[in-house]
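Asker: Dumping the structure here so I can ask a few things about it.
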Amino acid sequence: MRSLTLSQNVAVTFAVGLFYGLYLITFCFANRWLFFADEGWRLRKRIHWFMAIMTNLITVFISLDTALMVRGATAQSTFVDQGHRPEDYSAVPWDAIVRATTNTVAPLADIVLMYRLWIVYGKRLWIIWFPAFLWVGGIVCTILQTFLQVVHVHNQGFGPYHWASVNMAVGPGIVLLPFWASTVALNAYSTGLLIRRIKQASGRSYMTGESLNVVSTQFQFLIRILLESGVLYPAISIAHLSVWFGQNDFAVYLVGGINVIIIGSAFNLILIRTARNRAEAEGKIYNGGKLTTIQSSRKPMPVSVEPQSSSIGAGPTVYAS
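The sequence shown: position 150 = 150 (UniProt numbering), numbered continuously.
Okay, here's the thing in structure tokens:
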């Protein structure tokens, strides 16, 4: 695993630190909406523990990855200060092995998206068969990545390190390529189905007066969130996917360093936006202590806007018959 020059390492660490600082802000706000009531700082009576655990588990992996990157930059600076040449520095073997596990941020976010898809489609298992297949493929790639990192420590020319045509100097690009490709495909497929379901629910509902405007705005907001997250996640993942085809180690380090942070930030931002929107909508839908009814031309269609979202486009829950 090749190291960057000292100046490149500083640039990557600065960029990662900047994005990580922004991520921590979204993390704090996300936990505020997860654990505290909408109207103040009282603890919620019912906490959605699945989302709370996922949100904080993602933070653990992102923080670990960032800490290891900062540690590597500091160690290289110390190495140079001792009179050695920057190009002679090599990271400790376990550093790459541990950082390989931080890619689990993407599968964690993906599983929330699949959960959302399963809920929105009435808990029908067939709807998540294809994304589940892609998700399992991503997990297999992560395991293979860790294996190759371990073997590479003892044998620099092992297997694909000898014949692979993609970048293998920073990490095993031959397994990272299908990993990020499966993640992008899962996100595109699931987000598309979620938007389709919400549009169907919007088309079947009818209301009058102000209530119609409120619910119409809700549906538009959900679709906008899905579209925005559906662009943010694949954009950085496709960028990360692309750099492995080149031989520019600096690009791989830079995009790889901010990739999981952007995924986590998008995860938190969607959670924050949907939670705030829900709180505002409840104040509009509740009129004089009476709940405005939402009717459907077929069956009653309750619309629930919960602070449960994914970094890859799983917006608020919409139950539609």
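Ideal Cβ placement from N, Cα and C applies to all residues, glycine included.
If you're wondering where the values come from, they're calculated on a predicted model, not measured in any experiment.
Would F250 and Q8 qualify as a contact pair, given that the criterion is a beta-carbon distance under 7 Å?
Answerer: Taking the sequence shown and counting its residues from 1, one reaches residue 250 at position 250. Taking the sequence shown and counting its residues from 1, one reaches residue 8 at position 8. Cβ atoms of F250 and Q8: closer than 7 Å.
Asker: What is the DSSP secondary structure of L222, reduced to helix, strand or coil?
Answerer: Mapped onto the sequence shown, residue 222 falls at position 222. Correct three-state label for L222: helix.
Asker: Give me, in chain order, the residues of the same chain whose beta-carbon lies closer than 7 Å to that of I225; leave out the 5 immediate sequence neighbours on both sides.
Answerer: The residue you call residue 225 lines up with position 225 of the sequence shown. Around I225: I270, R273, T274, G315.
Asker: Is the stretch 60-72 touching the stretch 32-41 in the sense that three or more CB pairs, one from each, lie closer than 8 Å?
Answerer: Not touching, per the Cβ criterion.
Asker: What would DSSP say about F50, mapped onto helix, strand or coil?
Answerer: For the purposes of this step, residue 50 is identified with residue 50 of the sequence shown, where counting begins at 1. Residue state, collapsed to three classes: helix.
Asker: Just how far apart, CA to CA, sit L193 and N187?
Answerer: Locating residue 193 in the sequence shown gives position 193, counting from the first residue. Locating residue 187 in the sequence shown gives position 187, counting from the first residue. Taking the straight line from one Cα to the other gives about 10 Å.
Asker: Are the CB atoms of I195 and I236 within a distance shorter than 7 Å?
Answerer: Position 236 of the sequence shown holds residue 236. Position 195 of the sequence shown holds residue 195. No. Outside cutoff.
Asker: Just to confirm before moving on: does the CB-CB distance between F61 and T102 stay below 7 Å?
Answerer: Within the sequence shown, numbered from 1, the residue matching residue 61 stands at position 61. Within the sequence shown, numbered from 1, the residue matching residue 102 stands at position 102. Yes; because the gap between Cβ atoms is below 7 Å, this pair is in contact.
Asker: With A15 and I258 assumed to form a contact (beta carbons below 8 Å), what rounded beta-carbon distance in angstroms separates them?
Answerer: Within the sequence shown, numbered from 1, the residue matching residue 15 stands at position 15. Within the sequence shown, numbered from 1, the residue matching residue 258 stands at position 258. Correct: roughly 6 Å between the Cβ atoms.
Asker: Among V112, W180, C141, which residue has its Cα nearest to the Cα of V243?
Answerer: Along the sequence shown, read from residue 1 onward, the residue named residue 243 stands at position 243. If we check each option's Cα against that of V243, W180 comes out closest.
Asker: If you count every other CB in all the chains shown that lies within 10 Å of the CB of S297, and 16 or more means buried, which is it?
Answerer: For this step, residue 297 is matched to residue 297 along the sequence shown. With a pLDDT of only 38 at S297, under 50, the local geometry of the prediction cannot be trusted, and no value is derived from it.
Asker: Given C141, which residues of its chain have a CB within under 6 Å of its CB, disregarding the five upstream and five downstream residues?
Answerer: Position 141 of the sequence shown, counting from 1, holds the residue named residue 141. Answer for C141: V175, P178, F179, listed in chain order.
Asker: Whose C-alpha, out of W41, S182, V120, C28, is nearest the C-alpha of F267?
Answerer: To locate residue 267, count along the sequence shown from 1; it is residue 267. Ranking W41, S182, V120, C28 by Cα distance to F267 puts C28 first.
Asker: I need the DSSP call for H43, collapsed to helix, strand or coil.
Answerer: Translated into positions along the sequence shown, residue 43 becomes position 43. Strictly speaking, residue 43 in this sequence is Leu, with His absent from that position. The answer is strand: DSSP assigns L43 an E or B state.
Asker: I believe S182 touches L232 by the beta-carbon criterion, under 8 Å. Please report the beta-carbon distance rounded to the nearest angstrom.
Answerer: To locate residue 182, count along the sequence shown from 1; it is residue 182. To locate residue 232, count along the sequence shown from 1; it is residue 232. Contact flag wrong, Cβ pair sits at about 18 Å.
Asker: Are there 16 or more other CB atoms within 10 angstroms of the CB of T78, so buried, or fewer, so exposed?
Answerer: For this step, residue 78 is matched to residue 78 along the sequence shown. Flag for T78 reads exposed.
Asker: Please name the residue, chosen from M54, T5, P107, V10, that lies closest to S90 on a Cα-to-Cα basis.
Answerer: Within the sequence shown, residue 90 is the residue found at index 90, counting from 1. Checked all of M54, T5, P107, V10; the closest Cα to S90 is T5.
Asker: Looking at the unbroken alpha helix (DSSP H) that takes in I128, where does it start and where does it end?
Answerer: In the sequence shown, counting from the first residue as 1, residue 128 sits at position 128. Per DSSP, I128 belongs to no alpha helix (DSSP H) and is neither H nor E.
Asker: So who's on the other strand from F36, going by DSSP bridges?
Answerer: Along the sequence shown, one-based indexing puts residue 36 at 36. In DSSP, F36 forms a bridge with L43.
Asker: Taking the C-alpha atoms as reference points, what is the distance between K199 and L144?
Answerer: Numbered from 1 along the sequence shown, position 199 holds the residue referred to as residue 199. Numbered from 1 along the sequence shown, position 144 holds the residue referred to as residue 144. Approximately 39 Å, taken between the alpha carbons.
Asker: Just how far apart, CA to CA, sit R99 and G72?
Answerer: Your numbering for residue 99 matches position 99 in the sequence shown. Your numbering for residue 72 matches position 72 in the sequence shown. In a straight line, the C-alpha of R99 is about 11 Å away from that of G72.
Asker: How is the alpha helix (DSSP H) around R116 delimited, first residue to last?
Answerer: On the sequence shown, position 116 is the one that residue 116 refers to. Per DSSP, R116 belongs to the alpha helix (DSSP H) from 105-120.
Asker: For G18, which option in A279, L254, Q220 has the closest C-alpha, if you only look at C-alpha atoms?
Answerer: To locate residue 18, count along the sequence shown from 1; it is residue 18. The identity of residue 18 in the sequence shown is Leu, whereas the question assumes Gly. Ranking A279, L254, Q220 by Cα distance to L18 puts L254 first.
Asker: Considering only their Cβ atoms, is the gap separating V105 from residue 354 smaller than 7 Å?
Answerer: As displayed, the chain neither begins before 1 nor continues past 321, which places residue 354 out of reach and without an answer.
Asker: Roughly how many angstroms separate the alpha carbons of R124 and A132, rounded to a whole number?
Answerer: Taking the first residue of the sequence shown as position 1, residue 124 is located at position 124. Taking the first residue of the sequence shown as position 1, residue 132 is located at position 132. When rounded, the distance between both Cα atoms is 13 Å.
Asker: Kindly indicate which residue of R197, S265, V252 has the alpha-carbon position closest to the one of A11.
Answerer: The residue given as residue 11 occupies position 11 in the sequence shown. Answer by Cα proximity: V252.
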